[in-house]
Every structure is written in C-alpha cells, then in structure tokens.
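Residues in the sequence shown are numbered from 0 upward in steps of one, following numbering that gives the first Met the number 0.
Heads up, the beta-carbon is just placed ideally off N, CA and C, and yes, glycines get one too.
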Amino acid sequence: MYDVIVVGAGPAGSMASYMIASTGYSVLMIEKKKEIGFPIQCGEGITQFCLQYNKLPEGNWIKWKVKGVKSVLPSGYYFYTEEPGYSIDRAGFDKWLAERAIERGAELVNAKAKAIEGKAGKWKIFTNEGEYKGRIVIGADGPSSNIARWRGLLMERHYLLAYQYKFDAKYMKQMDDKWFSIYWHEKFRGGYGWVFPRGEEYNVGVGGVNASVSQLKSFCKSIGIDIDKKKEMNKGVIPFAYKFVSRAQEGIMIVGDAACMTNPTSGGGIQAALASGRISAKKAIKSLEEENFSITLEYDREIRKTPYLHPAHLKCARYLQKWKNEDWLFLGSILHGKKFTDLTLWRSFLAGLKHPSYLLRAREMLTIRKAMKINQKYGW
Ligand SMILES: Cc1cc2nc3c(=O)[nH]c(=O)nc-3n(C[C@H](O)[C@H](O)[C@H](O)COP(=O)(O)OP(=O)(O)OC[C@H]3O[C@@H](n4cnc5c(N)ncnc54)[C@H](O)[C@@H]3O)c2cc1C
Numbered sequence: 000m001y002d003v004i005v006v007g008a009g010p011a012g013s014m015a016s017y018m019i020a021s022t023g024y025s026v027l028m029i030e031k032k033k034e035i036g037f038p039i040q041c042g043e044g045i046t047q048f049c050l051q052y053n054k055l056p057e058g059n060w061i062k063w064k065v066k067g068v069k070s071v072l073p074s075g076y077y078f079y080t081e082e083p084g085y086s087i088d089r090a091g092f093d094k095w096l097a098e099r100a101i102e103r104g105a106e107l108v109n110a111k112a113k114a115i116e117g118k119a120g121k122w123k124i125f126t127n128e129g130e131y132k133g134r135i136v137i138g139a140d141g142p143s144s145n146i147a148r149w150r151g152l153l154m155e156r157h158y159l160l161a162y163q164y165k166f167d168a169k170y171m172k173q174m175d176d177k178w179f180s181i182y183w184h185e186k187f188r189g190g191y192g193w194v195f196p197r198g199e200e201y202n203v204g205v206g207g208v209n210a211s212v213s214q215l216k217s218f219c220k221s222i223g224i225d226i227d228k229k230k231e232m233n234k235g236v237i238p239f240a241y242k243f244v245s246r247a248q249e250g251i252m253i254v255g256d257a258a259c260m261t262n263p264t265s266g267g268g269i270q271a272a273l274a275s276g277r278i279s280a281k282k283a284i285k286s287l288e289e290e291n292f293s294i295t296l297e298y299d300r301e302i303r304k305t306p307y308l309h310p311a312h313l314k315c316a317r318y319l320q321k322w323k324n325e326d327w328l329f330l331g332s333i334l335h336g337k338k339f340t341d342l343t344l345w346r347s348f349l350a351g352l353k354h355p356s357y358l359l360r361a362r363e364m365l366t367i368r369k370a371m372k373i374n375q376k377y378g379w
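Printed below as a string of structure tokens:
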C-alpha cells in the first residue's frame with residue numbers, strides 16, 4: 000500500500016510526487032507514456048516567474064531567454080508585455096521533474112490507469128500492468144483526465160485545439176528573437192498564432208476553438224514562413240472552461256490540466272500545473288500526518304483562491320472569442336509601440352471618448368485589463 004498514488008508524470012504530477020516523497024511518504028507515479036515528455040504537446044514557453052514561484056532552479060532544459068511577449072495586432076500594431084521568460088526543452092524539463100521525484104524516493108511505473116475503486120485510505124488503481132493500492136490518489140492525468148471523470152467530479156469539459164510546427168532558425172531570419180510573438184486576429188476567435196524563438200529553432204503555432212492544420216499553414220504564409228521547411232508537427236488539446244462538482248474528494252485531488260488550471264486566454268498551463276501540484280502535496284502530507292483524509296477537501300477551496308482560477312480569466316477569454324479586428328485596432332490605437340502597463344485607466348478613457356461605443360463596453364474592457372494584469376503579475 001502506497002501512501003500516495005499519482006496518476007500522470009507531467010509537471011503537476013512530478014511536482015506533487017517530489018514534495019510528498021521528500022517528506023518520506025511512499026509515492027507511486029503511474030505514467031502511460033513510455034518516455035516521459037514525448038510526444039511534445041507544447042509551445043515550450045514559460046515565464047521566469049514560473050520558476051521562481053515554484054522554487055525551481057534554472058536547468059539545462061532552458062534553450063533561450065526572452066524579454067516577454069510582443070502582441071502583434073491586425074494592421075501591424077503591436078505592444079509589449081514585459082515579463083522575462085524562457086523557451087525550454089519541454090521533454091527535458093518533464094524528465095528532469097520526474098527524476099527529481101524519483102531521487103527523493105518516488106517510484107515510477109509505466110502503465111495506463113484504467114479504473115479506480117475504493118475509498119479514502121483504501122484506493123485501488125487498476126492498470127494494464129496490474130493493480131496498485133494507495134491511501135491518497137492525485138489525478139495529474141492531463142486534459143482528458145479520467146480520475147476526475149471516474150470519481151464523478153467532472154461535469155463538463157471543452158477543449159481548445161493547438162497545432163505547431165518547428166522550423167530551423169535559418170529559415171526565420173525576419174523574426175524577432177527577443178520576444179515571444181503572439182498574433183491576435185478575429186480569425187483565431189480568441190485564440191492566437193505564436194512564434195516562439197528558441198535559439199537554433201522556432202516554434203510556430205496556432206491555438207483556439209477553431210484551430211486546424213490549414214489555419215496553421217495559412218498563418219505561416221501570412222507572416223512569410225515557408226511551410227515546406229517545417230521539421231515536425233506537434234498538436235494537442237488545452238482544457239477550457241471545465242465544470243467540476245469539486246476538484247477534491249476525501250483522499251482524492253485533481254491537479255494541473257486535469258483540473259483545468261490552464262489559463263483560458265493564453266493556453267499556458269505549466270506554471271499552474273506546478274502550483275496545483277504543490278498545493279495538493281501540502282494537503283496530502285497534512286492528511287497523512289493527521290490521519291485525516293477530509294483534509295484533502297481543503298485543496299478545492301485553496302485552489303479556487305489562486306490567481307489561476309480568477310473568474311476574470313474565463314470572462315476575458317469569452318470576450319476575446321467575440322472580438323473583431325476593429326476591437327484589436329482600438330487596443331492598438333492606445334498601445335501601439337508601448338508596454339501593456341501603459342494601458343492606464345485614464346489613457347483608456349481618453350481613447351474611449353474618441354470611440355464612445357467602447358465606453359459602453361467599459362465592463363468588458365476592465366475585465367480584459369484585469370485578466371492581463373493578473374497574467375503580468377503571476378505569469379501565464
Ligand atoms: C500545443 C500546446 C502548446 C502549449 N504551449 C504551452 C506553453 O508554451 N506554455 C505553457 O505554460 N503551457 C503550454 N501548454 C499547456 C501545457 O502543456 C499544459 O498546461 C501542461 O502540460 C499541464 O501539465 P499537467 O502535468 O497537468 O498535464 P500533462 O503535461 O498533460 O501530463 C499528464 C500526464 O498524465 C499521463 N496520463 C494521462 N492519462 C493517464 C493514464 N490513464 N494513466 C497513466 N498516465 C496517464 C500523460 O501521459 C501525461 O504524461 C500547451 C499545450 C498544448 C496542447
């Protein structure tokens with residue numbers, strides 16, 4: 000019987016496993032991928048804040064440093080969000096996180112979880128490699144989480160789609176390598192196109208409700224990239240607006256993408272996955288110390304108080320899904336060439352006087368500004 004079984008060895012699961020194993024409790028990580036981190040399903044961008052906040056040192060999985068995000072708007076307007084970040088080797092990062100947990104004593108088994116049975120203190124996880132018993136289970140099994148579904152915690156889930164090509168840097172000479180460039184346009188319906196420099200290569204992708212391979216191809220063409228030079232394609236889904244009964248039960252906690260911690264506007268989820276893994280670990284340790292599994296219920300309350308699940312994010316994402324190019328142009332008219340922090344209330348008000356229809360949409364504008372401010376403060 001393990002003290003804790005963690006299903007999924009992505010950032011959320013490995014972070015939780017590392018912290019719990021560090022206190023001496025027995026941890027089993029169940030991971031269905033033969034090689035952790037592959038295939039890559041990620042733009043591989045994180046903020047410096049993500050590492051600092053989660054107390055992670057810089058590692059050799061860092062490939063490139065950027066100053067922040069350059070938002071490129073239709074008609075060529077652009078503005079900056081200064082927030083230092085990194086392009087990482089995502090597979091290397093995921094492996095490093097898992098190895099850290101194993102060094103602290105966590106065990107890793109390559110198996111696919113197929114069902115869960117039991118109650119707090121006496122869970123059984125059935126896999127294609129046999130069954131495992133644990134006192135607490137952490138569902139870190141990504142966007143299509145089954146632990147949450149099997150336990151009746153998940154009511155509804157929706158996904159954003161994301162597709163990405165990798166290109167050698169020699170074919171991307173015209174691109175800015177100091178910033179993560181994000182391209183906003185009504186055709187992405189609240190999603191966006193991205194160009195992330197990473198030294199020797201670039202990640203170029205599209206994500207949103209209607210993202211597709213053909214949208215990625217046309218995005219590449221629109222910014223002058225020859226798609227015949229692509230090296231590989233990655234794709235994946237990003238959780239969006241899941242509805243939960245709760246993200247916890249006695250002896251069960253759901254973390255990371257499985258808990259829809261991902262930022263619905265940026266699609267960034269590594270930081271929130273790590274943070275939710277940490278919070279779940281603290282609750283698991285306390286439950287085990289006090290022999291009281293109802294402590295895991297506190298996880299749901301705590302996680303909902305984090306900046307990642309602030310209601311402004313989802314509202315912002317829903318507003319942006321309806322934005323037309325003229326709305327992006329309005330934002331561009333205020334911020335072109337400037338930093339996002341220049342979007343003061345006063346400057347917005349003056350711009351609104353010239354375009355009174357936006358004054359009538361003040362609530363929408365303030366919500367979007369609020370969500371972007373949270374992103375700037377807490378990463379995305
Ligand atoms: C194309 C794309 C680009 C992205 N770009 C970025 C980005 O640039 N920056 C960013 O911050 N975020 C990005 N994200 C989001 C980010 O990848 C996720 O938020 C992050 O991976 C969440 O970590 P996690 O540990 O919760 O889940 P995951 O990383 O998905 O890990 C879950 C693990 O559980 C395993 N698993 C699932 N089911 C089972 C089972 N039944 N049994 C055993 N194991 C199981 C999976 O194999 C997987 O290893 C992107 C997502 C996509 C799809």
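How should residue i be labelled, buried or exposed, when 16 other C-beta atoms within 10 angstroms of its C-beta is the threshold for buried?
| i | result |
| --- | --- |
| M14 | buried |
| N70 | Residue identity check: residue 70 is Ser in the sequence provided, not Asn. Its Cβ being crowded by 16 or more others within 10 Å, S70 is buried. |
| L349 | exposed |
| Q270 | buried |
| G151 | exposed |
| N291 | exposed |
| Q51 | exposed |
| K220 | exposed |
| M364 | buried |
| Q173 | exposed |
| P10 | buried |
Given a cut-off of 8 Å on the beta-carbon distance, is the pair residue i and residue j in contact?
| i | j | result |
| --- | --- | --- |
| A161 | G189 | no |
| C41 | R89 | yes |
| P196 | S86 | yes |
| A147 | G138 | yes |
| K369 | A311 | yes |
| E185 | W379 | no |
| L105 | I29 | Leu is not the amino acid found at residue 105; the sequence shown has Ala there. Cβ atoms of A105 and I29: not closer than 8 Å. |
| Y1 | S21 | no |
| S74 | G331 | yes |
| P83 | G67 | yes |
| K242 | M154 | yes |
| F166 | I224 | yes |
| K234 | I226 | no |
| G129 | A168 | no |
| L328 | L334 | no |
Name the two residues that bound the continuous alpha helix (DSSP H) containing residue i.
| i | result |
| --- | --- |
| L359 | 355-359 |
| L55 | Segment: none, L55 is in no alpha helix (DSSP H) and carries neither H nor E. |
| I146 | 146-149 |
| N324 | 324-334 |
| S401 | With the chain covering only 0 through 379, there is no way to say anything about residue 401. |
| F218 | 212-221 |
| A316 | 310-321 |
Would you mind reading off the limits of the beta strand (DSSP E) that contains residue i?
| i | result |
| --- | --- |
| V194 | 191-196 |
| R156 | 153-167 |
| S180 | 179-182 |
| R103 | Unbroken run through R103: none, as it is neither H nor E. |
| A114 | 112-118 |
| M28 | 26-30 |
| D2 | 1-6 |
| K121 | 121-126 |
| V68 | 61-71 |
| I137 | 129-138 |
Going by C-alpha to C-alpha distance, which of the options sits closest to residue i?
| i | options | result |
| --- | --- | --- |
| S211 | G192, K228, K111 | G192 |
| I135 | L334, A257, K285 | K285 |
| Y131 | I4, R317, A361 | I4 |
| M371 | P38, T80, K281, L328 | T80 |
| Y77 | P83, W379, K337 | K337 |
| R246 | M260, N233, I19 | M260 |
| E200 | K228, F187, I222 | K228 |
| W63 | A97, I101, N202 | N202 |
| E34 | A8, G44, I19 | A8 |
| K118 | A257, A280, T305, S293 | S293 |
| V236 | S221, V208, C219 | V208 |
| G44 | A316, N127, K177 | K177 |
| E102 | A240, D326, N53, S16 | S16 |
| N127 | F218, K31, A100 | K31 |
| F339 | N374, Y357, H354 | N374 |
| V65 | L55, K54, Q47, N53 | Q47 |
| Y158 | S213, P238, L27, I222 | P238 |
| R317 | L72, E249, N262 | N262 |
| E288 | L344, F125, G120 | G120 |
- Would you be able to state if there are at least three C-beta pairs under 8 Å between the stretch 272-280 and the stretch 178-192? The answer is no - the stretch 272-280 does not touch the stretch 178-192, with fewer than three Cβ pairs under 8 Å.
- Item | Three or more C-beta pairs below 8 Å linking the stretch 296-303 and the stretch 242-261 | Verdict: yes, contact present.
- Specify whether the stretch 161-174 and the stretch 137-146 touch according to this definition: at least 3 beta carbon pairs, one from each stretch, less than 8 Å apart. With the cut-off at 8 Å, the stretch 161-174 and the stretch 137-146 do not touch.
- Task: Examine the Cβ distances between the stretch 90-99 and the stretch 33-40 and report whether three or more of them are shorter than 8 Å.
- Result: Touching, per the Cβ criterion.
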